[in-house]
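A.B. asks: Below is one structure. I have some questions about it.
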Amino acid sequence: MSWGTELWDQFDNLEKHTQWGIEFVERYNKFVKDRTDIEISYAKQLRNLSKKYQPKRNSKEEEEQRYTSCQAFLAVLNEMNDYAGQHEVIAENMSGLIFAELSRYIQELKQERKLHFQEGRRAQQHIESCWKQLEASKRRFERDCKEAERAQFHFEKMDNDFNVTKADVEKARQQAQTRHQMASDSKGEYSSVLQNFNKEQHEHYYTNIPNIFQKIQDLDERRIVKIGESMKTFSEVDRQVIPIIGKCLDGITKAAESVDEKHDTQLVVEAFKSGFEQPGDVEFEDFSQPMKRTVSESSLSNSRSDGKQESKSGKSKGKLWPFIKKNKLMSLLTSPHQPPPPPPSCSSPSAVPNGPQSPKQQKEPLSHRLNEFMTSKPKIHCFRSLKRGLSLKLGSGPEDFSHLPPEQRRKKLQQKIDEINKEIQKESDQRDGLTKMKDVYIKNPQMGRPESVDPRLAEIEQTIEKLRQESSKFEAWLAEVEGRLPTRPDQPRRPSEMPELPTTAVNNCAQDRESPDGSYTEEQNQDPQLKVAAQNEFDDEFDDEEVLTAIGTCKAMYAFEGQNEGTIAMAEGETLSVIEEDKGDGWTRVRRSEDEEGYVPTSYVEVYLDRNTKGT
């Protein structure tokens, strides 16, 4: 069945049908695009869902991952993430194999259809022009025939009229002959045009139109085949990911089967087991006998009183039952510490004896400021103690975990030892690498100097030694917990176990002098050992202090003698380098030379900051 023979006269309908076919392909292609968008959105939502329920780092949820049910749920989330990835694969394949391909094919289809129908229109225009030529030749032949008949009739009429001269009759005869000749020529032309038209018409309807319609038919058939192939690809894209999706579902099933209730309940025991023994039976107390009532050592009331006495004495450890309140040591560890020291007493230029009052500060009598300074709360003797107090306040406990029950303390100590061993192994690997590098430098001096590695090796050796000391310390505590070492009641506590200084000891720090930069100077009547330890800790905190670079300049508007500790004298009109801005206390840190720097009142100087240095 061919459109050229069956639909030879349906040019307009075929044009409409092929246009509808292209629009149908475009509609199907839009359907594929929408399906692709749905798959992308679905995959994105699945990934967000999986990410939302992932355990948070450094949170309680991360600690819960040791339970098999939580591990199974994490596996389900990971499988859902892979499941989302397969939907992304579906979207990618549909977009590349169907949508992009059909978009390109639609453009080719439109171009080819346009060429075929342009060719058909040219054929129709040609046959229409032939028909118009035939009609014109026919009308001319008809007109010439009528003119010839009228000329013949006029000649016969004049020939029969005796009143007409011979010359007029001859003229009419010639006119009739001319008209007959013209009619004869028109007849020959009409016959020729008619034959040519019949030939063109036969070729048009039996050759040209069938060929053009056959091409249009082939184009439409290819379009239909392409739609079928696209639908087949549509199903194959889904079928290709079914095995992987099945593996994801199998992974979810496997994760569900891995849930072990016995293992989880055992983990609960390991997590919360205190290591204490169960309390004994409560003895019967007979009140009917007229005798003094005695209390059993294993009774709950005795346990409470013993716990109070032992916590007060602090020399022996009493039994802590799960239903007894925490001892006073725990309340001491979690109690709030004293606030940081107040700002320097001479924190504004108004307290300086030489110079005008600062416009930033209110006037206040010096005696009142000194009285407030002397009656202020005691200060912590060093910054490390402050950090230790904050850590205790946050509930981290002492270094040896003595605030925990025996079983939990043993686990924490073992965990700490494992972490230190990992750090030792890491440093050892780094040391081995540097040793090999040094050997290479010794063999090939052009690659580097061997002595350049020695400082780093020495630093690593010191780090390893410190880590080993830490490990030995924790191993000793672990051995003490496990009962491998004897525990003496009067055994001196380690530095990490020493409690914070009592109020009477810390009160000595209230008389410390403060410089404008916030540093402290201990008094001579303080305990020398504590003072040395505090000084060493203080030095450790600030060993790595970097030299501040100048951030601008300032010009002195007034003279300043700088009699207080930490200040620097300046003359009126002198220009100094600014190395630290005013932090809100009324002082600016300046430098005159490389070795001479200190604080000056902010209201005494006019500051010019370097915009490049400040980055503004």
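Read in this note's numbering, the sequence shown has 118 at position 111, and its numbers run on one by one without any break.
Think of the CB as a built atom: it goes at the ideal place given N, C-alpha and C, for glycine as much as any other residue.
A quick note: this is a predicted structure, and the numbers were derived from the prediction, not measured.
For V612, name the three-state secondary structure that DSSP assigns.
C.D. replies: Within the sequence shown, residue 612 is the residue found at index 605, counting from 1. Of the three classes helix, strand and coil, the one that applies to V612 here is strand, per DSSP.
A.B. asks: How should Q224 be labelled, buried or exposed, when 16 other C-beta atoms within 10 angstroms of its C-beta is the threshold for buried?
C.D. replies: For the purposes of this step, residue 224 is identified with residue 217 of the sequence shown, where counting begins at 1. Answer is buried; the Cβ neighbour count reaches 16.
A.B. asks: Using only alpha-carbon positions, find the residue among S459, S9, I471 that is nearest to E228.
C.D. replies: Here the question's residue 228 lines up with position 221 in the sequence shown. For E228, the nearest C-alpha among the options comes from S9.
A.B. asks: Pick helix, strand or coil for Y565, following the three-state DSSP scheme.
C.D. replies: As a first step, residue 565 is located in the sequence shown; it is residue number 558 there, counting from the start. Y565: coil per DSSP, three-state reduction.
A.B. asks: Given a threshold of 16 other Cβ atoms within 10 Å of its Cβ, counted over all protein chains shown, does K433 qualify as buried or as exposed?
C.D. replies: For the purposes of this step, residue 433 is taken as the residue at position 426 of the sequence shown. Classification of K433: exposed, given that the 10 Å Cβ count is below 16.
A.B. asks: Report buried or exposed for L256, applying the criterion of at least 16 other Cβ atoms within 10 angstroms of its Cβ.
C.D. replies: Locating residue 256 in the sequence shown gives position 249, counting from the first residue. Its Cβ having fewer than 16 others within 10 Å, L256 is exposed.
A.B. asks: Tell me the rounded alpha-carbon separation between Q118 and S110.
C.D. replies: Here the question's residue 118 lines up with position 111 in the sequence shown. Here the question's residue 110 lines up with position 103 in the sequence shown. Taking the straight line from one Cα to the other gives about 13 Å.
A.B. asks: Do M101 and V248 come within 7 Å of each other at the CB atom, strictly closer than that value?
C.D. replies: Counted from its first residue, the sequence shown places residue 248 at position 241. Counted from its first residue, the sequence shown places residue 101 at position 94. Against a cut-off of 7 Å, the Cβ pair of M101 and V248 comes out as no contact.
A.B. asks: Of the residues F481, Q415, F38, E458, which one's Cα is nearest the Cα of K423?
C.D. replies: Residue numbering aside, residue 423 sits at position 416 when the sequence shown is read from its first letter. Taking only the C-alpha atoms, the option nearest K423 is F481.
A.B. asks: Classify Q93 as buried or exposed, calling it buried when 16 or more other Cβ atoms lie within 10 Å of its own Cβ.
C.D. replies: As a position in the sequence shown, residue 93 is number 86, starting the count at 1. So Q93 counts as buried.
A.B. asks: Going by beta carbon distance, what residues of the same chain come within less than 7 Å of M165, once the five residues before and after it are set aside?
C.D. replies: The residue labelled residue 165 in the question sits at position 158 within the sequence shown. For M165, where only same-chain residues beyond five positions count, the Cβ hits under 7 Å are V171, D175, V176, A179.
A.B. asks: With H, G and I counted as helix, E and B as strand and the rest as coil, what does DSSP make of L555?
C.D. replies: Position 548 of the sequence shown, counted from the start, is the residue given in the question as residue 555. Of the three classes helix, strand and coil, the one that applies to L555 here is coil, per DSSP.
A.B. asks: Tell me whether W594 sits in a helix, a strand or coil according to DSSP, three-state version.
C.D. replies: Translated into the one-based positions of the sequence shown, residue 594 becomes position 587. Strand, per DSSP.
A.B. asks: To the nearest angstrom, how far is it from the Cα of E99 to the Cα of A91?
C.D. replies: Sequence index remark: in the sequence shown, residue 99 carries index 92 (1-based). Sequence index remark: in the sequence shown, residue 91 carries index 84 (1-based). Rounded to whole angstroms, E99 to A91 spans 12 Å at the Cα level.
A.B. asks: Helix, strand or coil: how does DSSP classify G287 here?
C.D. replies: The residue given as residue 287 occupies position 280 in the sequence shown. Coil, per DSSP.
A.B. asks: If you drop the 5 nearest sequence neighbours on each side, which residues of the same chain put their C-beta closer than 7 Å to that of G282?
C.D. replies: By 1-based counting over the sequence shown, the position of residue 282 is 275. Result list for G282: P412, P413, E414, in chain order.
A.B. asks: Is the beta carbon of L84 less than 7 Å from the beta carbon of S57?
C.D. replies: Stepping through the sequence shown from its first residue, residue 84 is reached at position 77. Stepping through the sequence shown from its first residue, residue 57 is reached at position 50. Yes.
A.B. asks: Determine, using beta-carbon pairs with one atom in the stretch 44-55 and one in the stretch 70-85, whether at least three such pairs fall under 8 Å.
C.D. replies: Contact check between the stretch 44-55 and the stretch 70-85: fewer than three CB pairs, one atom from each, fall below 8 Å, which does not count as touching.
A.B. asks: How is L411 classed by DSSP in three states: helix, strand or coil?
C.D. replies: The sequence position of residue 411 within the sequence shown is 404, counting from 1. DSSP, read as helix, strand or coil, puts L411 in coil.
A.B. asks: Considering only the alpha carbon of each residue, which of D293, R120, K194, R73 lies closest to V266?
C.D. replies: As a first step, residue 266 must be located in the sequence shown, where it is residue number 259. Of D293, R120, K194, R73, the residue nearest in Cα terms is R73.
A.B. asks: Is there contact between the stretch 130-150 and the stretch 235-244, where contact requires at least three CB pairs shorter than 8 Å?
C.D. replies: no
A.B. asks: Which one or two residues does DSSP pair with E236 in a beta bridge?
C.D. replies: As a position in the sequence shown, residue 236 is number 229, starting the count at 1. DSSP lists no partner for E236.
A.B. asks: What does the Cβ neighbour count give for H410, buried or exposed, with the cut at 16 atoms within 10 Å?
C.D. replies: As a first step, residue 410 is located in the sequence shown; it is residue number 403 there, counting from the start. Result: buried.
A.B. asks: May I ask you to verify whether the stretch 147-159 touches the stretch 185-195, counting CB pairs closer than 8 Å and requiring at least 3?
C.D. replies: Under the three-pair Cβ rule at 8 Å, the stretch 147-159 counts as touching the stretch 185-195.
A.B. asks: Below 8 Å on the Cβ atoms is my guess for T609 versus W594; work out the distance and round it to an integer in Å.
C.D. replies: For this step, residue 609 is matched to residue 602 along the sequence shown. For this step, residue 594 is matched to residue 587 along the sequence shown. Sure, about 6 Å apart at Cβ, within 8 Å.
A.B. asks: How would you label M454, buried or exposed, when you count the other beta carbons within 10 angstroms and need 16 or more for buried?
C.D. replies: Taking the first residue of the sequence shown as 1, we reach residue 454 at position 447. Result: exposed.
A.B. asks: DSSP three-state call for V32: helix, strand or coil?
C.D. replies: As a first step, residue 32 must be located in the sequence shown, where it is residue number 25. V32: helix per DSSP, three-state reduction.
A.B. asks: Grab the span of the beta strand (DSSP E) containing L687 for me, first residue to last.
C.D. replies: Here the chain has residues from 8 to 623 only, and residue 687 is not among them.
A.B. asks: Report the three-state DSSP secondary structure of M577 (helix, strand or coil).
C.D. replies: Start at 1 with the first residue of the sequence shown, and residue 577 comes out as number 570. Strand.
A.B. asks: Determine the DSSP secondary structure at K23, reduced to helix, strand or coil.
C.D. replies: Position 16 of the sequence shown, counting from 1, holds the residue named residue 23. If DSSP states are grouped into helix, strand and coil, K23 belongs with the helices.
A.B. asks: Who are the Cβ neighbours of L226 in its own chain at under 8 Å, not counting the five residues just before and after it?
C.D. replies: For the purposes of this step, residue 226 is identified with residue 219 of the sequence shown, where counting begins at 1. Excluding residues within five positions, the ones whose Cβ falls inside 8 Å are T25, L116, E119, R120, H123.
A.B. asks: Could you please give the first and the last residue of the uninterrupted alpha helix (DSSP H) stretch that includes L274?
C.D. replies: Translated into the one-based positions of the sequence shown, residue 274 becomes position 267. Unbroken alpha helix (DSSP H) run through L274: 268-279.
A.B. asks: Using CA coordinates, which residue listed in S199, Y212, M564, K59 is at the minimum distance from L14?
C.D. replies: Numbered from its first residue, the sequence shown carries residue 14 at position 7. Answer by Cα proximity: Y212.
A.B. asks: Output the distance between the C-alpha atoms of Q61 and N88, rounded to the nearest integer angstrom.
C.D. replies: Looking up residue 61 in the sequence shown gives position 54. Looking up residue 88 in the sequence shown gives position 81. The alpha-carbon atoms of Q61 and N88 are separated by roughly 11 Å.
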